[in-house]
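Reading through the C-alpha cells given below for one structure.
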Amino acid sequence: DITFQNLKDFAVNDKIVPPSFFGIESKEVGNERDFKSIINSIKADFEPERITDEKELQAQLTIFLKAKFPELKIEREVVTKSGNKLDIVIDNDYVLELKVPKSRTILRDLGAQLEEYAEEYPDLCAVIADTSGNKLPDGKILDITQDINDYADKYLRKFKVHSIVLNVRMR
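Take 1 as the starting number for the sequence shown in the numbering used here and just add one per residue.
And the structure:
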C-alpha cells in the first residue's frame, strides 16, 4: 500500500515539487541528504585527469557534476556579497572549495577561508588535490599527504567542514 506520506516523501526527495508545496518550511534535512549524496558521488566516481592547476581541477569537477546531476544548477567562481570568490556553488546552497596545495601554508590559509565561508554557507566541503609524488619546480618531490590528512581532520573538528582528498597527477 502506498500512503500519502510515501507520495509526499517521493515528491519532495526527487524534487518533483518543492517542500513548500506540502507546507514544509525547513528543507534542511533534504539539503543535508542531497549534499551528502553529492559528496559521496565525488568520492566514489570522480577520477580527475592530469592537471596543471586548480582551475583545471575546478573545470573537470564542474563537468562531472553537471553530467552526474543535470537537474542541479552548478556555477563556478561565484562572488559572494562579501566579495569572496567561491570555487563551485551548487543550487545556491552547497559550496565546494578546491585547493591544489604545494605547502602547509596553503592548507592553513584554506582553513581561514573555510571558517569565513561556513558562516554564510553551512553546506560546505573542501576538495583537496593530493599531488604527492609530483616534482616541484626546484626538482624536489612533493610529499604533502600527511599534512593534507592532518588539516582535513582539523577542518572537520574546528569548522565542521568535511574534506574530499583526491589523488591527482600533475602535467
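Every residue, glycine too, gets a C-beta built ideally from N, C-alpha and C.
Since this is a predicted model, take the numbers as computed values, not measurements.
Distance, residue j Cα to residue i Cα
| i | j | result |
| --- | --- | --- |
| E77 | K85 | 5 Å |
| K36 | K160 | 14 Å |
| I141 | K81 | 40 Å |
| D143 | A152 | 16 Å |
| N134 | M170 | 7 Å |
| K43 | I164 | 7 Å |
| K99 | D1 | 49 Å |
| I16 | F4 | 15 Å |
| L7 | E49 | 41 Å |
| P101 | L110 | 9 Å |
| N167 | N13 | 32 Å |
| R108 | Y155 | 10 Å |
| L65 | I74 | 7 Å |
| E56 | I148 | 20 Å |
| G30 | A11 | Reliability fails at G30, whose pLDDT of 48 lies under 50, so the model's placement of it is uncertain and no value is given. |
| Q58 | E47 | 13 Å |
Residue(s) in a DSSP beta bridge with residue i
| i | result |
| --- | --- |
| E116 | Its beta-bridge partners do not exist; DSSP assigns none. |
| A126 | E97 and S163 |
| V79 | K85 |
| K135 | I141 |
| I74 | I90 |
| I16 | DSSP lists no partner for I16. |
| I51 | M170 |
Cβ neighbour criterion (16 or more within 10 Å) applied to residue i
| i | result |
| --- | --- |
| V127 | buried |
| D150 | exposed |
| T62 | buried |
| D130 | buried |
| E28 | Bear in mind that the predicted position of E28 carries a pLDDT of just 46, short of 50, making it too unreliable to give a figure here. |
| D9 | exposed |
| P19 | buried |
| E97 | buried |
| D138 | exposed |
Residue interval of the alpha helix (DSSP H) (run including residue i)
| i | result |
| --- | --- |
| K140 | Note, K140: premise wrong, no alpha helix (DSSP H); not H, not E. |
| N216 | No statement about residue 216 is possible, as the shown extent of the chain runs from 1 to 171 and does not include it. |
| T62 | E54 to K68 |
Practice task
Decide if the region 117-135 is in contact with the region 64-72; the criterion is three or more beta carbon pairs, one per stretch, under 8 Å apart.
Solution key: no
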